[in-house]
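Here the structure comes first, spelled out in structure tokens, and everything after it is commentary.
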Amino acid sequence: MSVLPAEEMPQLEVITDDRPIEPTGAIPLVSFADVIELAAPSVVSVYTTRTQTYAPRGLEELFRRYADPDQEYERREPRSREVTGLGSGVIISEDGYIVTNHHVISDDGDGPVEEIRVQLENGEEFIAEVVGSDDKTDVAVIRIELDESLSAATIANSDLLRTGDIVFAIGSPLGQSQTVTQGIVSATERTSLEILGPGSYEN
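Taking the numbering used here, the leading residue of the sequence shown gets 134, the next gets one more, and so forth.
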């Protein structure tokens, strides 16, 4: 193994350019901030509350399974706890009608929803009532009442969507409201996927 003296070490010259990146060609760099700013006020967070009853498993279950199955042990009384859910919705009319998912406001096995709260973009919260719901399409309509007009989304024709179109999703993943993601339409008119279960609507 040989070591070069310091004065003989090769010098690495890195060319740096601190100038801002400028768009080239016919397609400029694009920001979608204006589009999001227009759509965001129409997107709401939907919170649900329900009471779930469950039977706590204590030591008696352990003894019954591994010790003496015929021995009588004291059973613990069922308990209840509050279960919260979270989804997103879109305001479709200025007087408070909102489209959300059926599974957000329906009985999913944890018991019926007892309260639905809608949080607007500005943080205000209102109690909502269910107007209608359909499990096959996983669509539900809820409504809130307030004195002022809401910012309603403009509903377009989904038949005009094409594969490759740019789309945005604004929602509340993990409770982080007004989160924006971007993607493209990967396909249209797909069927037989049964994503929502047998017999569910898909297109």
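Every residue gets a Cβ at the ideal spot worked out from N, C-alpha and C, and that includes glycine.
Just so we're clear, the structure is a prediction, and the values are computed from it rather than from any experiment.
If you follow the alpha helix (DSSP H) that residue i is in, where does it begin and where does it stop?
i, result
"Val168", "Ala166 to Ala172"
"Val237", "His235 to Ile238"
Looking only at DSSP bridge pairs, what is residue i linked to?
i, result
"Ala289", "Per DSSP, none; premise fails for Ala289."
"Arg295", "Paired residues: none, contrary to the question."
"Val232", "Val223 and Val274"
"Val313", "Ile303"
How would you write the range of the beta strand (DSSP E) that residue i sits in, first residue to last?
i, result
"Arg212", "Arg212 to Ile224"
"Arg152", "Unbroken run through Arg152: none, as it is neither H nor E."
For residue i, which residues in the same chain have their Cβ closer than 6 Å to its Cβ, ignoring the five residues on either side in sequence?
i, result
"Val246", "Thr181, Arg183 and Ile238"
"Pro306", "Thr312"
"Asp268", "His235"
Starting from the C-beta of residue i, find all residues in its chain whose C-beta is less than 8 Å away, skip the five residues before and the five after it, and write them out in chain order.
i, result
"Thr186", "Pro211, Arg212, Ser213 and Gly244"
My guess is that residue i and residue j are in contact by the Cβ rule of under 8 Å, so how many angstroms apart are they, rounded?
i, j, result
"Leu315", "Ile299", "For clarity, residue 315 is Gln in the given sequence; the question names Leu instead. Right, the Cβ-Cβ distance comes to about 7 Å (below 8 Å), so this counts as a contact."
Residue i by DSSP, collapsed to three states: which one?
i, result
"Gly308", "helix"
"Ser266", "strand"
"Ser175", "helix"
"Thr324", "coil"
"Val251", "strand"
"Val274", "strand"
"Val300", "strand"
"Glu258", "strand"
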